[in-house]
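*Asks:*
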Amino acid sequence: MIAATSRKPLILRLLSEAINLANWAGDEIRHITRTCTKPSQLGVVDKGDKDFQTKADRLVQRLITVNLTKLFPECIIVGEEDLVEDKEEDLRLLNKFKDSLSNTDAAILKMTLPDDCGYENLTEKDITVWVDPLDGTAELVEGNIQRITVLIGISVKGSAIAGVIHQPFLKSTTDLDEKGRTMWGLVGLGCFGIAPKETPNPTLLGIITTKSHGNQNIEDTIEAIKPDRVLRIGGAGYKVLCVIEGEAHSYVFPSNGCKRWDTAAPEAILKASGGKLTDIFGNPYDYNYRTDNDYQNYLGVIASSKESMHSRIIKSIPNHVANGLLELQKQNLKPKC
Ligand code: AMP
Ligand code: MG
Ligand code: MG
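So this is what it looks like as structure tokens:
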């Protein structure tokens, strides 16, 4: 059984384990959300600028990273949260995962990889995994639980190629049958668990942007784009899901604030569905590991389901916004390290 599994391509084994872990993470988030009915019970740590961490973020990052490290020891794993060492808890989470039954493995491991992507020959050393254990924590704290997601992105040679997104709640916390949904994608193979949709009215331009990290640059850009509809909703993962499902043409965030773990999984799934996620100049982010741990997406985030809309948005970014972000990056980002 173990020998047969280990002969399967590494990328499929990694994806199937990431899906199992994301599903488990969803169970833990649902449990914590149902049992902690007051924000004071969530163990909130304020990291500044409406950037929160709760006990759900801490538990989920630990359960994902400790198990992926055990299973794929040579992959680099980068998680959003700084966790304190707790060997006993690590062991508990390793044993719990080992004992859990998986029902997703078989289908994914049987898939045929596309010929021309070089996935067959990948080794663990080629791979970096990006973990945002709970994206949209500000939304969780405010009770907008449909917008929270677990994000596990996979990059190879600096490019986001695969990702898993679990959305723990589609409805409310009180529905005990709620299982959420898990979506995943591999560039060249496609996306699964989510059906890409056209926006209902292609002539009306709808964009989606941040709810809690707004600023004047974002407002100036919206003014320049002149969209017919602006949705302001939290969560990088959720906004990209809205783009894939046709709720908006583009996610427009001409600001620093998002990090690589916010964009890796959404970018890969969007690309696998035919869309695009870049900085405000149309360039993809570099998902290589950095020794200084500076994973800020200084040059903002633009994500679109269609190339034509993507370039229209990029052409509309005002010069003062673009120059301001370039200057911020220049002042803060050290030469590649
Ligand atoms: P939002 O669209 O505001 O929900 O942000 C998407 C993701 O980017 C979340 O994980 C936020 O924590 C992060 N983010 C965006 N802007 C900022 C900021 N100014 N400070 C800290 N985190 C941010
Ligand atoms: Mg996040
Ligand atoms: Mg997070």
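Just so it is clear: in the sequence shown, position 80 is 81 by this note's numbering, and no numbers are missing. Glycine included, C-beta positions come from ideal geometry on N, C-alpha and C.
Here's a check: name, in chain order, each residue in its chain whose Cβ is nearer than 8 angstroms to the Cβ of Leu13, leaving out the five neighbours to either side.
*Replies:* Excluding residues within five positions, the ones whose Cβ falls inside 8 angstroms are Ile109, Leu110, Met112 and Leu114.
*Asks:* Taking DSSP as the reference, what is the three-state secondary structure of Lys111?
*Replies:* Of the three classes helix, strand and coil, the one that applies to Lys111 here is coil, per DSSP.
*Asks:* In three-state terms, what does DSSP make of Met2?
*Replies:* Bear in mind that a pLDDT of 42 at Met2, under 50, signals an unreliable position, so the number given afterwards is only what the model happens to contain. Met2 falls in the coil class under three-state DSSP.
*Asks:* Let me check you understand the geometry: is the CB of Asp136 closer than 7 angstroms to at least one non-hydrogen atom of ligand 2?
*Replies:* Yes; taking the cut-off as 7 angstroms, the Cβ of Asp136 has a heavy atom of ligand 2 nearer than that.
*Asks:* Would you check if the distance between the CB atom of Gly186 and the CB atom of Ala273 is smaller than 8 angstroms?
*Replies:* A contact, by the Cβ cut-off of 8 angstroms.
*Asks:* I need the DSSP call for Phe98, collapsed to helix, strand or coil.
*Replies:* Helix, per DSSP.
*Asks:* Alpha carbon to alpha carbon, what distance is there between Lys227 and Asn320?
*Replies:* Roughly 16 angstroms between the two C-alpha positions.
*Asks:* Does the beta carbon of Glu268 fall short of 7 angstroms from some heavy atom of ligand 3?
*Replies:* No, Cβ of Glu268 sits at least 7 angstroms from all heavy atoms of ligand 3.
*Asks:* Is it right to say Asp58 is buried, meaning 16 or more other beta carbons lie within 10 angstroms of its own, or is it exposed?
*Replies:* With 16 or more other Cβ atoms within 10 Å, it is buried.
*Asks:* Taking the alpha-carbon positions, what's the Arg1 to Gly144 distance?
*Replies:* The structure shown does not extend to residue 1, since the chain is modelled only from 2 through 338, so no value can be given for it.
*Asks:* Count Cβ pairs between the segment 51-66 and the segment 81-90 that sit closer than 8 angstroms; are there 3 or more?
*Replies:* Short answer: they touch.
*Asks:* Which same chain residues, not among the five before or five after Ile223, have their C-beta less than 8 angstroms away from its C-beta?
*Replies:* For Ile223, where only same-chain residues beyond five positions count, the Cβ hits under 8 angstroms are Ile208, Thr210, Val231 and Val253.
*Asks:* Just to check, is the beta-carbon of Ala161 closer than 7 angstroms to a non-hydrogen atom of ligand 4?
*Replies:* Ligand 4 is not part of the structure shown, which contains ligand 1, ligand 2 and ligand 3 as its ligands.
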